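Peer 1:
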Amino acid sequence: MRRHELEHLIRAAAAVTNEYEIVVIGSQSILGAVADPPAALLQSMEADCYPLKQPELADLIDGAIGELSPFHERFGYYAQGVGPETAVLPAGWQDRLVKLQNENTDLKIGWCLEPHDLAAAKLVAGREKDGPFVQTMLRHGLIQLNTLLDRVQALPVDANAKARLARHAQALA
């Protein structure tokens, strides 16, 4: 997915839900802070999102512009309606959201995760693809290890999990 495609999804999600602000929490939220990230970070053809003020409307996103929808078939990418609980994020993440708003979003707002918050969520998720994603972010200077380690400490997980995630982040660096 490219930035203009994410902008299109924000515009479409806003239209489908009749909401002005959409939160993007998945891997493609990197496109809010980084207009042209490394290709390794652009592999997903979906954006996980929900309306900021009415997250319960995420089902409308799935139904109208989700996987296997006519939208997906036509454009080759789609939005997945999720809830705020989908990602485990560091305390204060809402205050660090990156605003993506322009003519291509029809001036609707896409609130994207700040890259360090995204990386911390990826570490918690711990899927096979998440380590290489975080490693690419580190390698290309999109995030800094010290800030990532601070965000890991702000995660709502127990001390053992924080220590494990910090060791994993250091190994990826």
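Take 1 as the starting number for the sequence shown in UniProt numbering and just add one per residue. Backbone N, C-alpha and C define an ideal beta-carbon position, used for all residues, glycine too. As the structure is a computational prediction, the values presented were derived from the model and not from experiment.
DSSP has residue 80 in a bridge; who is on the other side?
Peer 2: Bridge partners of residue 80: 48.
Peer 1: Which residues in the same chain as residue 38 place their Cβ atom closer than 7 Å to its Cβ, once the five residues preceding and following it in sequence are excluded?
Peer 2: Within the same chain, residue 38 has close Cβ partners 136 and 140.
Peer 1: Tell me the residue span of the alpha helix (DSSP H) that contains residue 134.
Peer 2: Element bounds for residue 134: 130-139.
Peer 1: Against chain D, does residue 126 count as a neighbour if the rule is that its beta carbon must be under 8 Å from one of theirs?
Peer 2: Checking the listed chains, one finds no chain D in this structure; it contains a single protein chain.
Peer 1: Alpha carbon to alpha carbon, how far is residue 16 from residue 60?
Peer 2: Straight-line Cα distance between these residues: approximately 7 Å.
Peer 1: Would you call residue 116 buried or exposed, if buried means 16 or more other Cβ atoms sit within 10 Å of its Cβ?
Peer 2: Flag for residue 116 reads buried.
Peer 1: In whole angstroms, give me the CA-to-CA distance for residue 165 and residue 67.
Peer 2: Each residue's Cα considered, the two are about 31 Å apart.
Peer 1: Would the C-beta of residue 51 count as close to the ligand COA, meaning under 7 Å from any of its heavy atoms?
Peer 2: Ligands in the displayed structure: none, and consequently the ligand COA is not present.
Peer 1: The beta strand (DSSP E) with residue 21 in it runs from where to where?
Peer 2: Taken as a continuous stretch (DSSP letters only), the beta strand (DSSP E) holding residue 21 covers 21-24.
Peer 1: Identify whether residue 34 lies in helix, strand or coil by the three-state DSSP scheme.
Peer 2: Of the three classes helix, strand and coil, the one that applies to residue 34 here is coil, per DSSP.
Peer 1: Kindly identify the DSSP beta-bridge partner or partners of residue 98.
Peer 2: Answer by DSSP bridge pairing, in chain order: 112.
Peer 1: Output the distance between the C-alpha atoms of residue 101 and residue 153, rounded to the nearest integer angstrom.
Peer 2: Taking the straight line joining both Cα atoms gives about 31 Å.
Peer 1: Taking residue 16 as part of the alpha helix (DSSP H), name the residues at either end of that continuous run.
Peer 2: Unbroken alpha helix (DSSP H) run through residue 16: 3-17.
Peer 1: How many angstroms separate the CA atom of residue 138 from the CA atom of residue 80?
Peer 2: Their backbone Cα atoms lie some 26 Å apart in a straight line.
Peer 1: Helix, strand or coil, according to DSSP, for residue 67 in the structure here?
Peer 2: Three-state DSSP puts residue 67 in coil, outside helix and strand.
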